[in-house]
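As numbered in my numbering, the first sequence has no gaps in its residue numbers, which increase by one up to the final residue, 2283.
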Amino acid sequence: MSKELAKAYEPREVEDRIYDFWLSGGYFHAEVDENKRPYSIVIPPPNITGQLHMGHALDETLQDIIIRFRRMQGYSTLWLPGTDHASIATEAKIVEAMRGEGLTKEEIGREKFLERAWEWKKKYGGRIIEQLKKLGSSCDWERERFTLDEGCSKAVREVFVRLYEKGLIYRGERIINWCPHCRTSISDAEVEFSEHDGHFWHLRYPLADGSGYVQLATTRPETLLGDTAVAVHPEDERYKDIIGKKVILPLVGREIPVVADTYVEQDFGTGVVKITPAHDPNDFEVGLRHDLPVINVMDENAVINENGGKYQGMDRYEARKAIVKDLEEGGFLVKVEPIKHNVGSCYRCSTTVEPRISKQWFVKMKPLAEPAIQVVRDGKVKFVPDRFDKIYYNWMENIRDWCISRQLWWGHRIPAWYCADCGETIVSREAPGACPKCGGIHLHQDEDTLDTWFSSALWPFSTLSWPDETPELKYFYPTDTLVTGYDIIFFWVARMIFSGVEHMHEVPFHTVFIHGLVRDAQGRKMSKSLGNGIDPLEVIDKYGADALRFALATGNSPGNDMRFTDEKLESSRNFANKIWNAARFIHMNIDGHDVKNELPAELTLEDRWIVSAFNTVAKEITENLEKFELGIAVQKLYDFLWDQFCDWYIELAKTRLQAGDETSTGARQVLVWVMTNTLKLLHPFMPFITEEIWQTLPHTGESIMVSEYPKYEESHCYPQDEEEMRRIMEAIRSIRNRRSEMNVPPSRKARVYIATAFAETFRKGSAFISRLAYASEVEIGESFDLPGAVTVVTADAKIYIPMDELVDKKAEIARLSKERETAAKQLAQAEGKLNNPGFMGKAPANVVEGVRAQAAKLSEKIALIDSSIQALQ
RNA sequence: GGACAUUUAGCUCAGCUGGUAGAGCAUGCGCUUGACGUGCGCAGGGUCACAGGUUCGAGUCCUGUAAUGUCCACCA
């Protein structure tokens, strides 16, 4: 880079080249290094079917910021990448693609289907990985994993067998959530509830002894086919004498009992409930308590089966219509009410879920949940922000057994075999040759696969080669931080915690850094159906990856959603350009000189000021990053670089640089030193531009990404100089302000007289006042007699600018009077405090001192203003 | 039904453990200032949702209210 280069930063010319440079340098690769402390993050593995969206971009950006920061701090950092096979989502896509060819998965069979799936993985699995690289993600690509690879599969089988042997995995007929479209069971977490308009059908069931009817209501009349009881509350006086009697199920004619169960609410509806154990989770429980028969009336397509009599073959909604019609004709329908009620649907395809009895595999959750709750209570796992603790506890404490079997082919096949000869179930890490019970060889493996989340739950250790005890596993586990959105706390985070505690006897990570959703400019969720999604790749192409990352980090507050706007992107792009131009300026001034990247022995006032300011910002940003306050860190970097360094220090330095004498050497060194160190602070956020510039400036080391993150240095604190610069800067600002008010262009220079008690300070600053406050000459003294000059009063000085012809005396007096008024108001406030015995007695000394100093300055200022007004009059 | 979050300048949001309200964008005025107009300088604009309370002092802590949003539960 040199001064001939483009005026504006061109990310497209830089990013791919820099990324290749990092890859070839091997900087992303992590090794076990006993001389360093480990720091590890496992990526939330994106689906192989996925395309990079803003949610990923945010998640990856946050992780990369953290991992780059820790790497520069000297940790041996591992960011372990990979992808998820996403059984249900991927299988759905493949099935859909096959439909285009007129094929179903049953037609081609399991083996051929899986061949297609692996081809799919080969074709698309790498796509999202390439997209992650565009963001600048510093993952250790040599350790990339896939949830269905050999190692992860081994871990899955190991866990399954262990849990089975411990009695924590069992198979049984239970009521589960069934998706008739995906034709598989899904877990409770995979059901989404939303409010629908429905109907409430009030029905009469005749008593078998002919003594009358019971009246009840239902939202799902078709389930009547599977009713095996009606229930009332045991203490309900209205129904005391029918408990134990029978009713005749309308249309079906079956006699079913009236049972008493406290599950029934007396004041809801009529206080009578129909019980369908096969198609309602609560009814299932009632059925268990009263030993009721379970009649499943629907098949896997939610079509009425052979138990449905004349309704067999109808789908559940057709059957509903037919049954309502028949009920009405039979005189069983009393009335129909409209009702709003919540209906569960499949989180993948949105089809209404059908609760259905089915034989499935389950994980017994209570014994796993308890220790998983404890590790959070003990602070071994911390949520950031910590309010997510509650959500986690609430879920874990009320958790039900986890249905883990899926009627899908793409996934980890359940390692259970059934003996055709004796019926034995064999759960084993490897396919058994013969039945251990009867010696039979007619074994058949369970057809089902495991919930995708079963394998993701093991991700923090399965990716580190567990169950093998490798040095990597020992060194990098537990991982340090997990970065993810609040939307998958239940699906993933909670399950990783209990899995880690159970199998590793150690939490999977110490911190869970939760972020929110990226919303569009109107605050709406980005979604395919709304078409309001913003493609991160297009953004990168237009603005650059650094601008995208910076925009995503700006205003980021843990756990909160954020809006993504073009303004934010433009502002970030402009910031990158600002950095670029600061670098260009430095080059214009150092090229051709031999400039060392170190602070000179002799520092000037402004040097000490910027060094001190840098020192403060380095300290604060490190603290912010350690506390995951990335948005705050971004803000401080932006302010420091733009406002302090560019708008002030560079402008101040020009005085020496343009003098061209030996004093300019010091300025060059300070410019280079502050700039390169600021680039380091900024590098985790904007990796590309910082590397590109850092390489062209004097530096030691191969890459900024493996340089040392700046640390707070006691020796770089110059509070005295900061105070002096503050005085000078205030004077400059005040003069500019006055000139601007009077519309004096910068080209119109004027003499400036400064009457001050800090003559020494202002003497040091007089060149700056000339340059930045457009003074032709600066005179400093104790007082001046310049009636009629424009007067500017700061806390430390009274400044005269003789521009008589520009002064409107009346306006000037009015302005000064107004200024006096506000000063007097502030003074009164301060004095109020000082006269308040409560304040004086209880406020800390430094606060009291501050107020006292302020009061003194104010009364001085008022005196100065008064004398100015007098002079004008 | 329960829980949580948000409410601060026209817009988007900062404001950590309480000490006289900030930024970006937008607006207005001025500027060919030898890095940058994707820029520079200056300005205007806020009873910090509302009502109480704690405190010498509250945007910040406590209680309640309202609006908005999210999650959990699922009474058929």
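Note that beta-carbon positions come from the ideal geometry of N, C-alpha and C, so glycine has one too.
Just so we're clear, the structure is a prediction, and the values are computed from it rather than from any experiment.
In this structure, the straight-line span from the alpha carbon of P1667 to that of T1638 is close to 7 Å. Residue state for C1813 is assigned as strand, using DSSP reduced to three classes. In the structure shown, the three-state DSSP call for M1508 is helix. Measuring C-alpha to C-alpha distances from D2206 to each of A2167, L2226, E2189 identifies A2167 as the nearest. Considering only L1962, S2113, N1445, E2012, the residue with the shortest C-alpha distance to D1430 is S2113. Of A2234, F2249, E1840, the smallest CA-CA separation from E1568 is found for E1840. G2242 counts as exposed, since fewer than 16 other C-beta atoms from the protein chains shown sit within 10 angstroms of its C-beta.
When the five nearest sequence neighbours on each side are left out, the beta carbons in the same chain lying within less than 8 Å of the beta carbon of R1730 are those of R1630, P1631, E1632, in order along the chain.
Each residue's CA atom was taken as its position, placing T1557 and A1963 some 29 Å apart. Contact between V1785 and V1917 holds: their C-beta atoms lie close to 5 Å from each other, under 8 Å. Residues K1515, W1819 of the same chain have their beta carbon placed closer than 7 Å to that of F1523, with the five preceding and five following residues left out of the count. Put simply, the backbone Cα of T1493 is about 7 Å away from that of G1535. Of the residues assessed, H1751 falls on the exposed side of the cut-off, its CB having fewer than 16 other CB atoms within 10 angstroms.
Selection A1599, L1634, T2065, K1564 evaluated against L1613 yields L1634 as nearest (Cα-Cα). Under the rule that a run must span 4 or more residues, the alpha helix (DSSP H) segments found entirely inside the segment 1427 to 1483 read 1464 to 1482. Note on L2035: 16 or more other CB atoms within 10 angstroms of its CB, so buried under the neighbour-count rule.
Contact annotation, P1870 with F1798: C-beta distance approximately 18 Å; criterion of less than 8 Å not satisfied. Inclusion of A1688 and I1767 in the CB contact set at 7 Å is warranted, their separation being smaller than that value. Where Q2236 is concerned, the enclosing alpha helix (DSSP H) starts and stops at 2219 to 2244. At a Cβ-Cβ threshold of 7 Å, G1546 and V1928 do not count as neighbours. Following the DSSP letters along the chain, one finds F1772 in no alpha helix (DSSP H) but inside the beta strand (DSSP E) bounded by residues 1764 to 1773.
CA-to-CA, the gap between E2229 and I2211 works out to about 18 Å. With respect to I1714, V1707 sits close: the two C-beta atoms are nearer than 7 Å. Boundaries of the beta strand (DSSP E) around Q1625: 1623 to 1628. When C-beta atoms of the segment 1845 to 1858 are compared with those of the segment 1876 to 1896, fewer than three pairs fall below 8 Å, so the two segments do not count as touching. By the Cβ-count criterion, Q2280 is exposed, with fewer than 16 other Cβ atoms from all chains shown falling within 10 Å of its own Cβ. Residues R1593, T1594, S1595, D1858 of the same chain have their beta carbon placed closer than 7 Å to that of Q1817, with the five preceding and five following residues left out of the count. Cβ-Cβ separation between R2181 and K2064: approximately 7 Å, consistent with a contact (criterion under 8 Å). For E1423, no beta strand (DSSP E) segment is defined, and its DSSP state is neither H nor E. In the three-state reduction of the DSSP assignment, P1748 falls in the strand class. In terms of Cβ geometry, A1418 and N1999 do not form a close pair [threshold 7 Å]. I1451 and T1889 do touch by the CB rule: their CB atoms are close to 6 Å apart, below 8 Å. Inclusion of P2094 and I1475 in the CB contact set at 7 Å is warranted, their separation being smaller than that value. The beta carbon of T1761 sits closer than 7 Å to the beta carbons of C1589, P1590, H1591, S1755 from its chain, once the five residues preceding and following it are set aside; these are given in chain order. Here W1805 is near F1900, since their CB atoms are less than 7 Å apart. Collapsing the DSSP output to three states places Y2059 in a helix.
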